[in-house]
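Novice: Position one of the sequence shown corresponds to residue 1 (UniProt numbering), numbered consecutively onward.
In this text, a Cβ means the ideal position worked out from N, Cα and C, and glycines have one as well.
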Amino acid sequence: MTRKIIVGYDGSPDARRALTWALDEAARTGVPTELLYADEWPLWAPAASLAPTVALRPESYVADKITKMLDDAVRAAKETHPAVSVSATTAWSYAPAALITSSAEAALVVVGGRGHSAVAGLLGSVSAAVSAHARCPVVVVRGDATGAEPVVAGIDGSALASAVLHFAAAQAMSRTVPLRVIRAWTPVIGPWEQGPALPRPVTAQERRPFDALLAVVRDAFPDLVIEAEARVEHPAAVLTAASSTAQLLVIGSRGRGAVPGILLGSVSQHLLRHSACTVAVVH
């Protein structure tokens, strides 16, 4: 079974940018694309009907609004990307739940950077919730890339580093751009110290696993230009700065919190909010 690129789509400007990104990716890879609209109304309409208001949705809304919106989007996508197989579906679910469920059989989930559901206070933004729980890589579309900028991979010492690097390398190869790999060690400041940590070089012992991982990726992608940086600096600061000259920033998902997986790590959360370019979160 060919896995699809699933696009969270609600007709908003951010969703349209996400769809364009997904269609471009599908054109490069030959993967079919499916627009997924999450209709949350049936879930919270019973509670809304108890309120003293007449703001109930007419029965024809699905056909008149939702179906037409999706049909128009599919028609436009086939005009701009005629080689891409495009379809659309509606799920009666909260947006994060619908996308997370679909991710189990997807090659990629693509969402806009500002998508929110009716339960934002519970699950957080759609992009953060889906990035934390999806079963496949998640792309959160931000900024406007010209196509000439490199792909940046931000890695650490975890087991995710290899998956992040290989995903980023494949993206760079398909776009014919260099790959910039950044490994940052967070400076350690003791409670007795005042001010910022003093700069120091990365030791040979620290760098050895990083260089070994790079060697594997260079062997797997011999024609790819790879630039590598090892720095002692907070990863969020380094990668945010790197995003300003990148077209795609690839990071790993590391759940933190009292319940494993319920939240993204602090660096991931920061980059989803502050990256100047599109972010791919790899699981």
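1. Expressed to the nearest angstrom, what Euclidean distance is found between the alpha-carbon atoms of Lys4 and Arg208?
2. Do you know how far the Cα of Ser174 is from the Cα of Arg28?
3. Have a look at Gln247 and Ala170 and give me their C-alpha separation to the nearest angstrom.
4. Measuring straight from C-alpha to C-alpha, what distance separates Ala39 and Ala204?
5. For a test of the three-state rule: what should DSSP assign to Trp185, helix, strand or coil?
6. According to DSSP, is Glu229 part of a helix, a strand, or is it coil?
7. Helix, strand or coil for Ser87? Go by DSSP, reduced to three states.
8. Drop a sphere of 10 angstroms on the beta-carbon of Asp14, count the other beta-carbons inside from all chains shown, and report buried for 16 or more, exposed for fewer.
9. Using 10 angstroms around the beta-carbon of Ala215, count the other beta-carbons present and answer buried if the total reaches 16, otherwise exposed.
10. Taking all protein chains shown into account, decide if Arg183 is buried (16 or more other Cβ within 10 angstroms of its Cβ) or exposed.
11. With a 10 Å radius around its C-beta and 16 neighbouring C-beta atoms as the bar for buried, classify Ser12 as buried or exposed.
12. Can the beta-carbon of Ala107 be found less than 9 Å from the beta-carbon of Val31?
13. What three-state label does DSSP hand Tyr9 in the structure shown?
Specialist: Inspection of the coordinates gives the following:
1. CA-CA distance, Lys4 to Arg208, rounds to 38 Å.
2. 7 Å
3. 14 Å
4. With the sequence shown as reference, residue 39 is identified as Asp, and Ala is not the correct amino acid for it. If I take the Cα positions, the gap works out to 54 Å.
5. Correct three-state label for Trp185: strand.
6. strand
7. strand
8. buried
9. exposed
10. That one is buried.
11. The residue is exposed, with fewer than 16 neighbouring Cβ atoms inside 10 Å.
12. yes
13. coil
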